[in-house]
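If you read the sequence shown in numbering that gives the first Met the number 0, its first letter stands for residue 0, the second for the next number, and so on. Below is one structure, written out as structure tokens; comments come after it.
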Amino acid sequence: MLKLLLGDPNARKLKRYQPILSDINILEEEISPLTDDELRAKTALFRSQLDKISNFDLQRECLDELLPEAFAVVREASKRVLGMRHFDVQLIGGMVLHEGQIAEMKTGEGKTLVATLPSYLNALTGRGVHVVTVNDYLARRDAEWMGQVHRFLGLSVGLIQQDMNPLERRKNYQCDITYATNSELGFDYLRDNMANDINEIVQKNFQFCIIDEVDSILIDEARTPLIISGQVERPQEKYQKAAEVVLALQRAAEMGKDGIDPEGDYEVDEKQRTCTLTDEGFAKSEQLLNVSDLYDPKDPWAHYITNALKAKELFIKDVNYIVRSNEAVIVDEFTGRVMPGRRWSDGQHQAIEAKEQLPIQPETQTLASITYQNFFLLYPRLAGMTGTAKTEEVEFEKTYQLETTVIPTNRPRSREDWVDQVFKTEAAKWRAVANETAQIHNQGRPVLVGTTSVEKSEVLSALLSEQKIPHNLLNAKPENVEREAEIVAQAGRAGAVTIATNMAGRGTDIILGGNSDYMARLKVREALAPKLVKPEDGHKPPIPLQRQDQSSTGFGEENENSKNIKSQTITKSVPVSSLYPCILTDDTEKVLIELERKLVKAWGDRKLSPIDLEDRISTAAEKAPTEDPLIKSLREAISTVKSEYDVVVKQEEKHVREVGGLHVIGTERHESRRVDNQLRGRAGRQGDLGSTRFFLSLGDNLLRIFGGERVASLMNAFRVDEDIPIESGMLTRSLESAQKKVETYYFDIRKQVFEYDEVMNNQRRAVYSERHRVLEGIELKKQVIGYGERTMQEIVFAYVNSDLPSEEWDLQQLVSKVQEFVYLLDDLKPSDIKGLDIDELQAFLQEQLRNAYDLKETQIEKDRPGLMREAERFFILQQIDTLWREHLQAMDALRESVGLRGYGQKDPLIEYKNEGYDMFLEMMTNMRRNVIYSMFMFQPAPPEKN
């Protein structure tokens, strides 16, 4: 009703950008005739205007004024360098991002290109812009691809990758625009705040951040904080013993209708992801372990048994993790990628290693942590883009103060979303998926099948192999990850079948007919790698998809459509299932052989790493000016190969469009409606034809865990054959209701994580700012003397009772305590302070401390000049780090314990805030006292005599 009365607020917002859009389009006529050098000179001109303004707010106003011309300059640069001109809707997206909002743009609308506009404009201030993506591959691709525009315009572009050393990181963070992943940014922030030297800090002050796939990072990944851990010794045999014990325990069945607890040793709550021992389970575990109490503080076992149960029931191989090189490697539940080097905390990873009989690595304790919410709120301005943000609009606004604006598509959508098919059993569902895949594949259409885990993708792969359907598998297994670029490059080709664990954040559009640009790069890499790449680097050339039986499918070599394509091309055609669309002509093969000879002569015989070769090919694929003759030769070769592939790919694209475009199959509803929409959005990009369908079963996790009794009764009610799909409005509503329940449930978890971390955040900022001040070496002596004065004040308050007359004060004890901290005051006597009131006593002791400190400094500096400042820095950092680490452990323990206070009608969060604050004050007091004690007690080694 409000929408009818007031109009659509999103439409009103978009209308506001129209005058600026007109200005940019008018300016395009002025900017198009400029030479490359004149276009680049615009950057220096914009910068000189901004350099005159030092005030941050006034700079913002100046950026708003420069926006139309800056956007017009970026559009022209992109046209020249990438051959891509920003559409009007992309310019609107850029304005939305510049204002610090979330731009919702459908898949294939060119979000990556949109980010070049606000990142260029905000980088002009010289304060740095961070463009954040979900994985290293995308960060690298965007820095190489979109970075061409920025480099062409004279800006420096940095890239942060997982394997970089601190020196490389620092250099890349100093650039005008830096591409990085969310986790690398967060971990670098934590590492910077653990640095022991100002030169070890790699990041500079934050200014503006654009997050690609913003919902994936700020919503999905925000449930778990970033943690840096240090090793702590725990007995490893306990993990192995616990793993053996839980194998002997029986899981309790679901509670019966009569309400009586079913028999069993432990219960599993999949919704809360917890495992709880029953009374029988406790008794059985104690008996098997030969202990009297699992919670005995001298020999605790409960924690190990609980983790072993979770490893057994909730952490599933090839779903939550894979085993690789004798290690359990986590699979990211949101992107389907492996996360080497990351480990579950609190002994959970060790429990999984024991379950899989792998070598058990030492347990860790938290050294530093921060949630994504609090990390990204450190940026004065934050913006994001995604294909699916509207469903989480409320959370974005409440947690991050980010508005969401829906950007219209450039062309009307032509995709058809077919009705869901629900099957009674999971086996029937997978058979139906395989049959539909075969049917669509035989029509010559490309098919993308989305699965929720490695395990399920391999089940489907086996079914398709039975039907002799050639297909590509894109999941967390290392052999597939290495081929991601090749797989996605050919996923839109006629008859191609691709199974992917998760398409959120894959970052590469599926182009109908295939991606000739990517294929040309891969072909050149394949030709050069054997002669240029070091053999020990284990470089593998791309593996073409092998057809198992050409004659069994409708798109073999002798298929009529293939003949048509072949007859219209000048090249020798190959089966569409191979990696490349055609065999290259002899002339082009000669070009590649000649190039290989020239590059081996210049770059050496097998001297490059795979990354070096990849870098050089990417540089050559750019259209940015280059003086390097070798890069020019490489560029010409890529262009020659691409032009041959283009002929076949264009024909193939035409055929794919005629038969209906890409078909996307979802094999399970995800916990979030957004992930379903991301998968659907792969079909029908830029107005292309396409279709989607979801296949579900009543045994799917979502329905089983969150559907409740309603779905269970439906399972019994449907007495149809299991291979017949069920279509029911009631079932669809149950599904949507289950998804909403999950979204609400996870929102509450994120909200709770954020609220609890808010308490830690204030403490973290205080500790980190203190550390930073010390690293910069600003007035260290004044800081330490301040600690001493506070300590003296605290001693006076502890030993002097203002309610008693001064004659009754225990001055002897007070003097002894002062001398404990400051041994140089050993000649201080109670008689020296007799008759002073509290204020005078405090002032006198503080004066004595200052004198003693000056004396100590004179003694030290006489033999070792400059050592006093070094000692101050060392002792403050040592105490901050040690006590902060202990404080983090104490806060973790407090958080676990306050939960029970809810039963006593107390708010656990308020209890956590109050007690956490008291613990923090105590930590800071101990830090000050320990620093003073250490400063007076330390004695440097005598200087060595020559």
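The beta carbon of each residue, even a glycine, is placed where N, CA and C say it ideally should be.
Coarse secondary structure for tyrosine 16, derived from DSSP in three states: If DSSP states are grouped into helix, strand and coil, tyrosine 16 belongs with coil.
Glycine 109, buried or exposed, once every other Cβ within 10 Å from all chains shown has been counted against 16: Label assigned to glycine 109: buried.
First and last residue of the uninterrupted beta strand (DSSP E) at glycine 449: Bounds of the beta strand (DSSP E) holding glycine 449 are 446 to 449.
Between the CA atoms of threonine 450 and glutamine 356 - distance to the nearest angstrom: For glutamine 356 and threonine 450, the distance between alpha carbons rounds to 28 Å.
Close-in-space but distant-in-sequence residues of the same chain around glutamine 762 (CB under 7 Å, 5 per side omitted): Taken in chain order, the residues that qualify are Phe919.
Pairwise C-alpha distance: alanine 601 and serine 638: Answer to the nearest angstrom: the Cα atoms are 21 Å apart.
Cβ of aspartate 825 within 8 Å of any chain C Cβ: The chain inventory of the structure shown lacks chain C, comprising one protein chain alone.
DSSP three-state assignment for leucine 463, whether helix, strand or coil: Helix.
Assigned exposure category for valine 418 - 16 Cβ within 10 Å defines buried: Counting Cβ neighbours within 10 Å, valine 418 comes out exposed, since fewer than 16 surround it.
Beta-carbon proximity check, isoleucine 218 vs isoleucine 210, cutoff 8 Å: Isoleucine 210 sits away from isoleucine 218, with the two beta carbons spaced by 8 Å or more.
C-alpha distance - valine 646 paired with arginine 656, whole-angstrom precision: Put simply, the backbone Cα of valine 646 is about 16 Å away from that of arginine 656.
Where threonine 552 falls, given that 16 or more other Cβ within 10 Å makes a residue buried: Confidence at threonine 552 is low in this model, with a pLDDT of 32, below 50, so its placement is unreliable and the value that follows should be read with caution. In summary, threonine 552 is buried, with 16 or more beta-carbon neighbours lying within 10 Å of its beta-carbon over all protein chains present.
Neighbourhood of threonine 305 by C-beta, 7 Å cutoff - its chain only, sequence neighbours within 5 removed: Answer for threonine 305: Cys274, listed in chain order.
Supposed contact pair threonine 390 and glutamine 372 - C-beta distance, whole angstroms, cut 8 Å: The pair is not a contact, with the Cβ atoms about 18 Å apart (cut-off 8 Å).
Limits of the unbroken beta strand (DSSP E) element including serine 690: Unbroken beta strand (DSSP E) run through serine 690: 688 to 696.
Leucine 779 versus arginine 342 - alpha carbon distance: For the pair leucine 779 and arginine 342, the Cα-to-Cα distance works out to about 38 Å.
Any 3 or more C-beta pairs closer than 8 Å across the stretch 24 to 35 and the stretch 415 to 431: Per the Cβ contact rule, the stretch 24 to 35 is not in contact with the stretch 415 to 431 (fewer than 3 Cβ pairs under 8 Å).
Segment limits, alpha helix (DSSP H) that includes leucine 594: Note, leucine 594: alpha helix (DSSP H), 585 to 602.
Inter-residue Cα distance where the pair is leucine 381 and leucine 288: Distance between the alpha carbons of leucine 381 and leucine 288 is about 53 Å.
Exposure label - threonine 881; buried when at least 16 CB within 10 Å: In this structure threonine 881 is exposed. Its beta-carbon is surrounded by fewer than 16 other beta-carbon atoms within 10 angstroms.
Every unbroken beta strand (DSSP E) inside the stretch 162 to 233 [3 residues or more]: Segments of the beta strand (DSSP E) lying fully in the stretch 162 to 233: 176 to 180, 207 to 211 and 225 to 231.
Same chain, Cβ closer than 8 Å to leucine 844, neighbours up to 5 away in sequence not counted: If we look at leucine 844 and ignore the five residues flanking it on each side, its Cβ neighbours are Met791, Ile794, Val795, Val817 and Ile832.
Straight-line Cα distance separating glycine 680 from leucine 120: Approximately 29 Å between the Cα atoms of the pair.
Range covered by the alpha helix (DSSP H) that runs through serine 830: Serine 830 -> alpha helix (DSSP H) spans 829 to 832.
Histidine 662 - partner residues in DSSP beta bridges: Partner(s): Val446 and Ser690.
Backbone CA spacing between methionine 936 and leucine 848 [nearest angstrom]: Rounded to whole angstroms, methionine 936 to leucine 848 spans 14 Å at the Cα level.
Reduced DSSP category for lysine 428 - H, G, I as helix; E, B as strand; rest coil: The answer is helix: DSSP assigns lysine 428 an H, G or I state.
Start-to-end residues for the alpha helix (DSSP H) that takes in alanine 495: For alanine 495, no alpha helix (DSSP H) run applies, since DSSP gives it neither H nor E.
Exposed unless 16 or more other CB atoms sit within 10 angstroms - verdict on valine 947: Residue 947 lies beyond the stretch modelled for the chain, which goes from 0 to 945, so this question has no answer here.
Three-state secondary structure (DSSP) of proline 574: With a pLDDT of 38 at proline 574, under the threshold of 50, the predicted position of this residue should be treated as unreliable, though the coordinate-derived value follows. Look at proline 574 here: in three-state DSSP terms it is coil, with no helix or strand label.
Residues near asparagine 409 by beta carbon distance below 7 Å, same chain, minus five either side: The beta carbon of asparagine 409 is closer than 7 Å to those of Phe86, Val88, Glu108 and Gln685 in its chain, skipping five residues each way along the sequence.
Whole runs of the beta strand (DSSP E) within the stretch 245 to 315, excluding any shorter than 3 residues: 265 to 268 and 273 to 276, all fully within the stretch 245 to 315.
Contact belief for glutamate 651 with leucine 701 at Cβ below 8 Å, rounded distance in angstroms: At roughly 37 Å, the Cβ-Cβ gap does not stay under 8 Å, so glutamate 651 and leucine 701 are not in contact.
Short Cβ contact (8 Å threshold) for arginine 770 with asparagine 198: Not a contact, by the Cβ cut-off of 8 Å.
8 Å CB neighbourhood of aspartate 516 in its chain, flanking five on each side removed: Correct list, in chain order: Ala620 and Lys641.
Bridge partners - glutamine 364, DSSP secondary structure assignment: Gly229, per the DSSP bridge assignment.
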